[in-house]
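**Student:** My structure is below; once you've seen it, I'll send some questions.
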Amino acid sequence: MTARFRKKVRRMRGTHTHGWGAKKKHRGGGSQAGKGRSGMMKHKKSWMITNEPQHYGKHGFKLPLKARTVTRAITLRDLDNIARRLGKSEIDAGELGFDKVLGTGKLTQPLTVKADIIVESAKAKIESAGGKAILKTKME
C-alpha cells in the first residue's frame, strides 16, 4: 500500500509562521542574503564593482518609438526584375511599399522610377540606361 502522510501545508495549519521562524524572515526582500541580485549595494558591492560595474545607473539613450522612422529600400536590380515581370516601363516605389531606391545592380531597360528618396548612384544608373528618376516629394 502507498504511504499516507500529511502534507506540510496541512501540518502547519494553526502555527504562527509556517516554519519560517520570525514573520519578518519570510516577508519582502529583506533577508535574501546570498540569493540572486540582492545586496548589490550592500554585502555584494565588491563583487558588483568587479563583475558588473554597469549594473546601476543610466547608460545610453533609446530613441522614443514615435521619433523612429523605418525606411524600406529596394535595389535597382530588384526594380529591373519587377519591371520585366510586370512588363512596365514606369515604376512607383511607393506603390510597391518602398521609400528609397538604392544603386545596387544595373538596369537592362530604360525605366521611369518614382520614389521619395533616390540615391545619387541609382539616379546616375537610371539616367545612363535612358530612363528618368523622379522624386515624389518634389512632385507634390
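Taking this note's numbering, the leading residue of the sequence shown gets -1, the next gets one more, and so forth.
Yeah, the Cβ is synthetic: ideal placement off N, Cα and C, and Gly gets one too.
Quantities reported herein were computed from a predicted structural model and do not represent experimental measurements.
#1: Please name the residue in 104, 1 and 71 whose C-alpha comes closest to that of residue 128.
#2: Looking only at DSSP bridge pairs, what is residue 132 linked to?
#3: Going by the DSSP bridge assignment, what does residue 100 pair with across the sheet?
#4: Given this structure, state the Cα-to-Cα distance separating residue 75 from residue 83, to the nearest angstrom.
#5: Would residue 23 be called buried (16 or more neighbouring beta carbons within 10 Å of its own) or exposed?
#6: Which residue comes first and which comes last in the beta strand (DSSP E) that contains residue 118?
#7: Please return the same chain residues whose Cβ sits closer than 8 Å to the Cβ of residue 18, not counting the five positions on each side in sequence.
#8: Taking 6 Å as the limit between beta carbons, can you name the residues of its chain near residue 112, skipping five residues before and five after?
#9: Roughly how many whole angstroms lie between the Cα atoms of residue 6 and residue 15?
#10: In the DSSP assignment, the alpha helix (DSSP H) including residue 44 goes from what residue to what residue?
#11: Contact defined as beta carbons within less than 8 Å: I believe residue 120 pairs with residue 94. What is the distance between those atoms, to the nearest angstrom?
#12: Closest to residue 77 by C-alpha separation, out of 87, 68 and 69, would be which residue?
#13: Assuming residue 8 is part of the alpha helix (DSSP H), what are its boundary residues?
**Tutor:** Well, looking at it:
#1: By one-based count along the sequence shown, residue 128 stands at place 130. Nearest of 104, 1 and 71 to residue 128, Cα basis: 104.
#2: The sequence position of residue 132 within the sequence shown is 134, counting from 1. According to DSSP, which records beta bridges pairwise, residue 132 is partnered with 112.
#3: By one-based count along the sequence shown, residue 100 stands at place 102. The secondary-structure analysis by DSSP pairs residue 100 across a beta bridge with 73.
#4: Position 77 of the sequence shown holds residue 75. Position 85 of the sequence shown holds residue 83. Between residue 75 and residue 83, the C-alpha separation is close to 12 Å.
#5: In the sequence shown, counting from the first residue as 1, residue 23 sits at position 25. The residue is exposed, with fewer than 16 neighbouring Cβ atoms inside 10 Å.
#6: What you label residue 118 is simply residue 120 of the sequence shown in a count that begins at 1. Per DSSP, residue 118 belongs to no beta strand (DSSP E); it is in the alpha helix (DSSP H), 118 to 126.
#7: Counting from one through the sequence shown, the residue named residue 18 turns up at place 20. Counting only Cβ-Cβ distances below 8 Å, and skipping sequence neighbours, we find 24.
#8: Taking the first residue of the sequence shown as position 1, residue 112 is located at position 114. Contacts found: 90, 132 and 134.
#9: Position 8 of the sequence shown, counted from the start, is the residue given in the question as residue 6. Position 17 of the sequence shown, counted from the start, is the residue given in the question as residue 15. One C-alpha to the other measures close to 13 Å.
#10: One-based indexing of the sequence shown puts residue 44 at position 46. Taken as a continuous stretch (DSSP letters only), the alpha helix (DSSP H) holding residue 44 covers 43 to 49.
#11: Taking the sequence shown and counting its residues from 1, one reaches residue 120 at position 122. Taking the sequence shown and counting its residues from 1, one reaches residue 94 at position 96. Between residue 94 and residue 120 the Cβ distance is about 15 Å, and since that is not below 8 Å, they are no contact.
#12: Taking the first residue of the sequence shown as 1, we reach residue 77 at position 79. When only C-alpha atoms are compared, the closest one is 87.
#13: By one-based count along the sequence shown, residue 8 stands at place 10. Under the DSSP assignment, residue 8 falls in the alpha helix (DSSP H) whose first and last residues are 6 to 9.
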